[in-house]
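**Q** Below is one structure. I have some questions about it.
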Amino acid sequence: MQERGPGNGAWSRISQYLTPLVLMNVVAFTMAAYHLYKAYFGVYEIWRHRGIHLVFLLLLAFLSNGLCVQDRSALKKWWDVLLILLTLAIGTYVLVDYEDIGLRAGIPNLLDKIACVVLALLVVISVKRTLGWPMTIVTIFFAVYVTFGHYLPLSFVHGGYSFNRLVDIGFNSTDGILGLPTGVSAVYVAIFVYFGTFLLKSGAADYFKDLSFALAGSRVGGPAKVAVLGSALVGTMMGNGIANIVTTGSFTIPMMKKLGYRPHFAGAVEAVASMGGQLMPPIMASVVFLIAEYTGEPLYKLMIWAFVPALMYFLCLFWGVHFEALKSKLSTIPKEELPEFRTVLFKGPWYLLLPLPTLVILLFVGFSPFYSAFLSIIAILVCASLHPKSRMGPRKIMEAMIEGSLACVVMGLACAAASIIVASIEVTGLGLSFSSLMIAIAGGNLILLLLLAMVASIVLGMGMTTVAAYIIVATLTIPALVRMGVNEIAAHMFCFYFAILSGITPPVAIGAFVAAGIAKANELRTAVTAMKLGLVGLVVPYLFVYDNSFLLMGDLWETALRFVLSIVGVYALSSSLNGYLFSNLSLVGRTVIFASAAALLWPQVWAVNFVGLAVFGACYASFSVARRRAMEGPAAGI
């Protein structure tokens with residue numbers, strides 16, 4: 168019998184602890200440490216920083232969706248190991264030779280060519296594992312198009328490019344795989360994801376839930392209103408609609424069903440609220456950073472401009488569940504089961520809310536988003552230390568860092584794939600061709616062009632992350648909208664809204680389907696109900712395209728008046744859609760109130776707005792009086 172030497176024993180002990188899960192956690196922790204360090208001290212040269220970021224994402228993708236998967240065959244594990252080794256080789260090449268790679272712009276050598284092909288394949292494989300087939304197919308299509316599109320016998324044919332030129336664009340510059348979307352992921356998305364995970368680990372999400380229960384739990388439609396408020400608040404931290412549905416829906420949907428809400432309605436409320444959470448400043452599903460890069464506008468301005476449309480969206484949902492509860496006579500949550508508002512506000516960990524305004528203030532006073540997020544993470548640690556229950560020790564900090572890195576994988580790889588797509592569109596001139604085609608089909612009609620852009624946004628957004636959907640749609644459709652005279656910010660916001668709303672729009676409606684699964688409801692019925700509840704989200708992009716005062720742009724008094732009329736208009740719209748205003752509405756009553764809502768929201772024509780206000784005011788007063796008379800005696804009614 169062979170004796171085991173000391174070397175073999177040491178290796179046995181090491182291999183016992185070096186499991187795939189441990190390796191994944193080490194890589195995730197190292198990635199977080201790298202990004203936090205660079206947030207404070209500043210990043211490397213742009214190309215190098217993006218390359219390091221992408222290597223971390225690829226390693227985590229092949230570990231979390233490969234080696235760490237249970238019951239994986241030996242052959243597949245060896246394939247995972249090969250992918251990891253190739254990723255490490257690319258990372259080493261980026262770290263060691265980055266200066267010479269930049270100097271070889273236009274004249275790539277053999278290693279550059281190999282690295283470009285290998286990196287592109289690694290991105291496609293990792294996208295398939297993390298994002299599924301829709302994003303993978305789109306990425307492959309555009310990669311093939313830029314390579315072989317000059318053979319096409321169609322109007323979208325391009326002139327063709329040499330292999331050296333493709334490598335130069337794809338790898339040796341910041342126009343290809345390491346392009347702007349990857350850069351946004353490396354510089355902005357990652358650090359703000361860490362901000363969100365640190366905030367969640369501090370217990371802020373639990374406090375947001377308690378605050379939502381205290382504010383709305385005992386009101387009419389309390390359970391659904393808790394879902395709306397909770398999802399909006401948590402959405403400001405997470406920036407991921409599906410994750411928000413799973414996180415908050417796991418307790419709000421069963422609670423709504425328990426208190427009488429129909430399963431499909433409960434699922435729809437959660438889907439609309441959670442997907443809409445991506446509209447809420449300051450994070451806005453990380454798309455706000457892309458809009459800032461594309462337009463050159465400061466982040467704080469974009470957050471201000473995004474506020475009113477997001478508020479209109481949530482008010483429509485909030486009043487929708489309010490009218491549904493009144494109409495169906497649903498019960499509220501018993502007060503004895505709810506926390507007291509004063510107790511939650513003053514005796515609860517209210518200080519956990521401070522990092523959010525801290526972040527906004529830092530952005531307003533001019534700090535870079537990168538540095539603002541880092542300082543806000545420090546603020547989280549300081550605020551959490553004020554109480555033993557929320558205090559974040561080394562273990563919680565490590566968990567926040569690891570979970571943050573893993574949360575970056577999906578959005579980061581979506582950005583890497585989008586970089587390939589954007590490079591293909593820009594290099595071949597496909598964006599201009601597509602824009603010209605859209606304008607030609609629309610015949611110069613703006614409303615028809617907007618409808619085409621909406622359909623493109625919803626179709627391209629099916630089954631994709633919000634970031635990826637927005638990037639593709641923005642690259643293809645925004646040039647056409649701007650050429651037709653649409654304000655650039657309004658054009659970007661238009662595409663952003665419909666990229667999000669594809670998550671609740673049939674036939675795919677992935678957000679509604681996930682919520683339907685939790686609610687055990689019919690998927691299509693849940694999606695249709697979600698569309699009804701989120702109707703303002705489908706309407707408001709058209710409004711701010713035609714009238715920028717919906718984005719708080721323009722004269723102070725004009726925007727203030729528009730804000731008030733918008734709130735009243737959303738209330739009227741919710742009333743008409745749900746068929747309730749103090750009592751059940753007849754078809755005539757619903758039609759009149761719907762017409763008044765349309766008039767209140769009509770852009771640019773103040774006379775129409777005031778007519779709508781007068782009509783709705785008369786309806787509100789008459790139904791209020793009728794309701795009061797009906798309550799005074801059975802003889803008094805309408």
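Residue numbers (my numbering): 168 to 805.
Each residue gets a CB set at the ideal place from its N, CA and C atoms; glycine is no exception.
Evaluate the contact criterion for the segment 677-685 versus the segment 730-740: three or more CB pairs, one atom per stretch, below 8 Å.
**A** Verdict: no, contact absent.
**Q** Which residues in the same chain have their Cβ closer than 8 Å to the Cβ of Q169, if we skip the five residues on either side of it in sequence?
**A** In this predicted model, Q169 has a pLDDT of only 48, less than 50, meaning its place in the structure is not dependable enough to derive any value.
**Q** Whole angstroms are fine: how far does the CA of S624 sit from the CA of L700?
**A** One C-alpha to the other measures close to 20 Å.
**Q** Between the alpha carbons of G443 and I734, how many angstroms are there, rounded?
**A** Going by the C-alpha atoms only, they are around 17 Å apart.
**Q** Rounded to whole angstroms, what is the Cα-Cα separation between S539 and L529?
**A** One C-alpha to the other measures close to 6 Å.
**Q** In angstroms with no decimal places, state the Cα-to-Cα distance between E570 and W245.
**A** If you take the alpha carbons of E570 and W245, they lie about 26 Å apart.
**Q** How long is the line joining the alpha carbons of F545 and G218, rounded to whole angstroms?
**A** In the sequence on display, residue 545 carries Ile and not Phe. In a straight line, the C-alpha of I545 is about 27 Å away from that of G218.
**Q** Could you spell out the range, first to last residue, of the alpha helix (DSSP H) harbouring H317?
**A** First-last for H317: undefined, no H or E at that position.
**Q** Which residue from A195, A241, P524 puts its Cα closest to that of S148?
**A** Absent from the model: residue 148. The displayed extent of the chain is 168 to 805, so no value can be given.
**Q** How about I809 and A682: are their beta carbons less than 7 Å apart?
**A** The question about residue 809 has no answer, for the chain in this structure spans 168 to 805.
**Q** Under three-state DSSP, which class holds M168?
**A** Note that M168 has pLDDT 42, beneath the 50 cutoff, so the model's placement of it is unreliable and the number below is only indicative. If DSSP states are grouped into helix, strand and coil, M168 belongs with coil.
**Q** Any heavy atom of the ligand COA closer than 6 Å to the CB of A567?
**A** Annotation note on the ligand COA: not contained in the displayed structure, which lists no ligands.
**Q** From the DSSP secondary-structure annotation, give me the bridge partner or partners of N751.
**A** DSSP lists Y747 as partners of N751.
**Q** Any chance the segment 232-240 sits against the segment 185-202, with 3 or more Cβ pairs inside 8 Å?
**A** A contact exists between the segment 232-240 and the segment 185-202.
**Q** Given this structure, state the Cα-to-Cα distance separating D714 from G560, to the nearest angstrom.
**A** The alpha-carbon atoms of D714 and G560 are separated by roughly 50 Å.
**Q** Quick check: the Cα distance between V194 and L227, rounded to an integer number of angstroms?
**A** When rounded, the distance between both Cα atoms is 7 Å.
**Q** Please check the pair G628 and F665, which I expect to be a contact at CB under 8 Å, by giving their CB distance rounded to whole angstroms.
**A** With 8 Å as the limit, G628 and F665 qualify as a contact, their Cβ atoms being about 7 Å apart.
**Q** What's the C-alpha gap between V285 and K295?
**A** Going from the Cα of V285 to the Cα of K295 covers about 15 Å.
**Q** Between A381 and L505, which are expected to be in contact by the criterion C-beta below 8 Å, what is the C-beta distance as a whole number of angstroms?
**A** That belief holds up - the Cβ atoms of A381 and L505 are roughly 6 Å apart, short of 8 Å.
**Q** Can you tell me the Cβ-Cβ gap for C550 and L519, rounded? I've got them flagged as a contact below 8 Å.
**A** About 6 Å separates the two Cβ atoms, so the contact holds.
**Q** Is it a yes or a no for the segment 645-655 touching the segment 598-610, going by three-plus beta-carbon pairs under 8 Å?
**A** Result yes; three or more Cβ-Cβ pairs closer than 8 Å.
**Q** Going straight from the alpha carbon of F196 to that of S293, what length do you get?
**A** Their backbone Cα atoms lie some 20 Å apart in a straight line.
**Q** Enumerate in chain order the residues of its own chain whose CB-to-CB distance from A803 is below 8 Å, with the five nearest sequence positions on each side excluded.
**A** Any reading at A803 needs caution, since the residue's pLDDT is 43, under 50, leaving its predicted position unreliable; the model's value is listed next. Excluding sequence neighbours, A803 sits near R796, A797.
**Q** In whole angstroms, give me the CA-to-CA distance for W773 and L780.
**A** In a straight line, the C-alpha of W773 is about 10 Å away from that of L780.
**Q** Please classify S385: does DSSP put it in a helix, a strand, or coil?
**A** Correct three-state label for S385: coil.
**Q** Return helix, strand or coil for K496, following the three-state DSSP convention.
**A** K496 falls in the coil class under three-state DSSP.
**Q** Candidates L298, P301, A287: which alpha carbon is nearest T314's?
**A** Of the listed residues, the one whose Cα sits closest to T314 is A287.
**Q** Along the chain, where does the alpha helix (DSSP H) containing I336 start, and where does it finish?
**A** 330-337 is the extent of the alpha helix (DSSP H) around I336.
**Q** Which of the three DSSP states, helix, strand or coil, is assigned to L648?
**A** Reduced to three states, the DSSP call for L648 is helix.
**Q** Give me, in chain order, the residues of the same chain whose beta-carbon lies closer than 6 Å to that of G350; leave out the 5 immediate sequence neighbours on both sides.
**A** Closer than 6 Å at the Cβ level, and outside the excluded window around G350, lie R217.
**Q** Based on Cα-Cα distance, which residue from Y461, Y328, A452 lies nearest to M631?
**A** The candidate whose alpha carbon is nearest that of M631 is A452.
**Q** Apply the 10 Å Cβ neighbour rule to T186 and answer buried if 16 or more other Cβ atoms are within range, or exposed otherwise.
**A** When all chains shown are included, T186 counts as exposed.
**Q** Ignoring anything shorter than 4 residues, give me the alpha helix (DSSP H) runs that lie fully in the segment 521-585, in order along the chain.
**A** DSSP runs (the alpha helix (DSSP H)) wholly in the segment 521-585: 522-531, 536-551.
**Q** Along the chain, which unbroken stretches of the alpha helix (DSSP H) at least 4 residues long are found entirely within the segment 669-730?
**A** Whole alpha helix (DSSP H) segments, 4+ residues: 677-686, 690-700, 702-713.
**Q** Give the DSSP-derived three-state secondary structure of P501 in the structure shown.
**A** Of the three classes helix, strand and coil, the one that applies to P501 here is coil, per DSSP.
**Q** Here's the rule I'm using: 16 or more other beta-carbon atoms within 10 Å means buried, otherwise exposed. How should F330 be labelled?
**A** Exposed.
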